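Following: one structure in structure tokens, then a few remarks.
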Amino acid sequence: MRRERERMRDVQLLVQNLVLQEETTIKLIIDCLYDVGSVNLLNTKVSWGPANRLVKLAARTSKPVFRIVAWRWFKGNCPALITNWLASKVS
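If you're matching positions, the sequence shown starts at 13 in the numbering used here and goes up one per residue.
As structure tokens, this is what we get:
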């Protein structure tokens, strides 16, 4: 049991290292997900044409703030989430 905990701690450290090494790739993935998700969400919530274009403009201007918040959340939470998911797969 102790060895298992130590090995999963090693896995978490390796995932954290991977996240830091692949920061640029992760940020590009976040950008792509934001682009697709914001357009899909706005198209379903705002159907009137002129308002839709205005809201999409506002969404594009908020992207840098979203990117910062998403990166901080990802860096702080995803290594543990990924490690827990992996542990559940091998248990």
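Where a beta carbon is used, it is the ideal one built from N, C-alpha and C, also for glycine. This one's a predicted model, so the numbers in the text were calculated from it and none came from an experiment.
Top-ranked residue by Cα proximity to residue i, from the options
i	options	result
N89	A99, K75 and V31	V31
R21	S100, K101 and T95	T95
F78	L45, T37 and G61	L45
Boundaries of the alpha helix (DSSP H) in which residue i is found, first to last residue
i	result
W60	Here W60 belongs to no alpha helix (DSSP H), and DSSP marks it neither H nor E.
S100	K75 to V102
Same chain, Cβ closer than 6 Å to residue i, neighbours up to 5 away in sequence not counted
i	result
S50	A71
Helix, strand or coil at residue i according to DSSP, with G and I counted as helix
i	result
M20	helix
I35	It is Glu, not Ile, that sits at residue 35 in the sequence shown. Residue state, collapsed to three classes: helix.
Contacting residues, own chain, Cβ-Cβ under 8 Å from residue i (five flanking each side not counted)
i	result
A63	none
N55	N64
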